[in-house]
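Below is one structure; the comments refer to it alone.
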Amino acid sequence: MKALSAVAARYAVAVTPDMGSLIEAEPEGPIAAQFIPDARELTSTPEELLDPIGDEAHAPVKGIVHRYPDRVLLKPLHVCAVYCRFCFRREVVGPGGSGALSPAELDAALGYVRAHPEVWEVILTGGDPFMLSPRRMREIGRTLAGIGHVKVVRWHTRVPVVDPSRVTGELVAALKASGKAVWVAIHANHASEFTAEARDAIARLAEAGIPLVSQSVLLRGVNDDVATLDALMRTFVENRVKPYYLHHPDLAPGTAHFRGTIAEGQGLMRDLRGRLSGLAQPTYVLDIPGGHGKVPVGPAWVEDDAEGLVVTDPNGEHHRYG
9 MKALSAVAAR YAVAVTPDMG SLIEAEPEGP IAAQFIPDAR ELTSTPEELL DPIGDEAHAP
69 VKGIVHRYPD RVLLKPLHVC AVYCRFCFRR EVVGPGGSGA LSPAELDAAL GYVRAHPEVW
129 EVILTGGDPF MLSPRRMREI GRTLAGIGHV KVVRWHTRVP VVDPSRVTGE LVAALKASGK
189 AVWVAIHANH ASEFTAEARD AIARLAEAGI PLVSQSVLLR GVNDDVATLD ALMRTFVENR
249 VKPYYLHHPD LAPGTAHFRG TIAEGQGLMR DLRGRLSGLA QPTYVLDIPG GHGKVPVGPA
309 WVEDDAEGLV VTDPNGEHHR YG
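Okay, structure coming up:
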């Protein structure tokens, strides 16, 4: 108990009633592993970093990360409905973290977007931007709607799954940014997160015409087997969410117990290819530590040898091409 108190003093902890019910039903299960503090979080390994994906190195103004030429992250707040034990921003989220942007800071961040015509897409993240009030969400959307070179607005959130009652008709309407393509990326890591209430919340977004994509993290002890990943990706598609990214865990402090190897992840992706529709295949990606960008790290299906190309099929058999 003393160790768990130390974890809670070091990193933010919050569990919604929806996730709490799932944890009560299975205290040692995959949902508990994601949200309940673990004494192993107090142990950091030498390769772990306070800012594992290098946000600060690409932050020209507070609240903006401009890592890629055509898109920026806009982080209006660092509050979440739940705090994942593997979070790569665990040093800045929560009550003791960086908080929300002040009105002046948000104006400056949006001013940066306005001043950079190369920015085609704005990705709202944090924290969880669905923790904003619908009024503030609507204000941000209206401002972005008035910036001609911004064409795509994407909201990244865990709320529809972990706190679905927040996804009201008012919130869904607030996502609108006139003249822009608005997308929502939904984070979930296990099929059991999709309660009846979560499915209804996702349906409210889908039926409003908002295209939905997924984000998941490959987590040891949560979803690092092919049957669990298969079920997760099928559940996304059944709920009109296109699987997008399966992230290899970042090198956040105190998260080594969640990380398998990239080779293990590649093996799982190879197994998924043989059993799961292409519509349900995510891209396995790694954020290169230090802020050098995100790259696919899935298995290689084509190799070149002295005699030409060799292609591996989903059953592991090799075939010559050409």
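Going by the numbering used here, the sequence shown opens with residue 9, and the numbers climb by one from there. Yeah, the Cβ is synthetic: ideal placement off N, Cα and C, and Gly gets one too.
For residue i, the three-state DSSP class (helix, strand or coil)
i      : result
Gln223 : strand
Leu114 : helix
Ile270 : helix
His74  : strand
Ile31  : helix
Tyr253 : strand
Thr291 : strand
Arg283 : coil
Val121 : helix
Leu58  : coil
Ala193 : strand
Pro304 : strand
Thr53  : coil
Residue i versus residue j: straight-line alpha-carbon distance, rounded
i      : j      : result
Ala17  : Phe94  : 16 Å
Asp313 : Arg328 : 10 Å
Tyr120 : Gly154 : 14 Å
Pro45  : Val310 : 42 Å
Met277 : Leu183 : 33 Å
Ser224 : His326 : 30 Å
His198 : Leu152 : 33 Å
Ala209 : Thr53  : 39 Å
His157 : Tyr76  : 16 Å
Asp59  : Gly107 : 17 Å
Val87  : Glu126 : 29 Å
Gly217 : Leu57  : 39 Å
Gly102 : Leu85  : 10 Å
Ala22  : Phe43  : 8 Å
Val319 : Thr133 : 39 Å
Leu179 : Pro142 : 5 Å
Val249 : Asp238 : 14 Å
Ser222 : Glu272 : 21 Å
Ile72  : Lys159 : 17 Å
Thr236 : Pro25  : 24 Å
Gly135 : Pro251 : 21 Å
Gly229 : Arg122 : 44 Å
Pro68  : His74  : 7 Å
Ala204 : Tyr91  : 22 Å
Val293 : Leu287 : 17 Å
Asp321 : Thr269 : 23 Å
Gly330 : Pro307 : 21 Å
Residue burial classification, residue i (beta-carbon count within 10 angstroms, cutoff 16)
i      : result
Lys83  : buried
Ala33  : exposed
Thr243 : buried
Asp115 : exposed
Gly282 : exposed
Ser186 : exposed
Asn323 : exposed
Ala112 : exposed
Leu177 : Here residue 177 turns out to be Gly, not Leu, going by the sequence shown. So Gly177 counts as exposed.
Asp78  : exposed
Glu201 : buried
Glu99  : buried
Cβ separation of residue i and residue j, assumed to be a contact under 8 Å, to the nearest whole Å
i      : j      : result
Arg162 : Ala181 : Wrong, their Cβ atoms sit about 18 Å apart, outside the cutoff.
Val15  : Glu55  : The pair is not a contact, with the Cβ atoms about 20 Å apart (cut-off 8 Å).
Leu254 : Pro290 : 4 Å
Leu12  : Ala40  : Not really, about 13 Å apart at Cβ, beyond 8 Å.
Asn231 : Leu240 : 6 Å
Val167 : Met139 : 7 Å
> With a cut-off of 8 Å, do at least 3 Cβ pairs link the region 255–262 to the region 287–307?
Replying inline: Put simply, the region 255–262 touches the region 287–307. At least three CB pairs are less than 8 Å apart.
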